[in-house]
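Here's the structure, in structure tokens; my notes come after.
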Amino acid sequence: MSHTMVPSDRVEHVAVYGRDGARLGTIERLMLDKVSGTVAYAVVRTGGLLGTHHHHPIQWSALKFNPQRQAFETGLTLDELRASPCEFDGDAFDWGDRSRSYPHPQYWTV
Numbered sequence: 002m003s004h005t006m007v008p009s010d011r012v013e014h015v016a017v018y019g020r021d022g023a024r025l026g027t028i029e030r031l032m033l034d035k036v037s038g039t040v041a042y043a044v045v046r047t048g049g050l051l052g053t054h055h056h057h058p059i060q061w062s063a064l065k066f067n068p069q070r071q072a073f074e075t076g077l078t079l080d081e082l083r084a085s086p087c088e089f090d091g092d093a094f095d096w097g098d099r100s101r102s103y104p105h106p107q108y109w110t111v
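Below, the structure is given as structure tokens:
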């Protein structure tokens, strides 16, 4: 059996697929909780119109690695992901700031 640990740079750019099998995007970065030392969420980069990209936070606990696919899977669909909080390329957004208000009040629950 292989080990279960992986360096964060090997998680970045790995594909993420939704429950319907559609590719949602790739992991851009992981956000770590400095106090607990755990991964809180992954920022997933999706393709957008005219070459722009959207960046969506997905709770780490909602991602499961599929070794056969060598990718992560989540219970979300692309439509659900598009309805979630996102930022665009070039936005000066502090991904660690959870004080920002989103229309999904339970979103930041870890």
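At position 15 of the sequence shown the residue is numbered 16 (our numbering), and the sequence of numbers has no breaks.
Idealized CB from N, CA, C, for every residue including glycine.
Here the structure is a predicted model, which means the values were calculated and not measured.
Pair within 7 Å by beta-carbon distance, Glu-29 and Arg-46: yes
Span of the beta strand (DSSP E) around Leu-33: 24 to 33
Coarse secondary structure for Ala-72, derived from DSSP in three states: Note: Ala-72 maps to strand in three-state DSSP.
Spatial distance of Pro-8 from Ala-84 (CA atoms): Taking the straight line from one Cα to the other gives about 30 Å.
Element boundaries [beta strand (DSSP E), containing Val-44]: That run of the beta strand (DSSP E) goes 40 to 48.
Buried versus exposed, by CB contacts within 10 Å (16 or more), Thr-27: buried
Supposed contact pair Ala-43 and Leu-33 - C-beta distance, whole angstroms, cut 8 Å: Contact doesn't hold; Cβ gap of about 11 Å is too wide.
Residue span of the alpha helix (DSSP H) that contains Leu-82, given as start and end: 79 to 83
Given His-57 as reference, the closest of Gly-38, Arg-70, Cys-87, Gly-76 once Cα atoms are compared: Cys-87
Leu-64 beta carbon less than 7 Å from that of Gly-19: no
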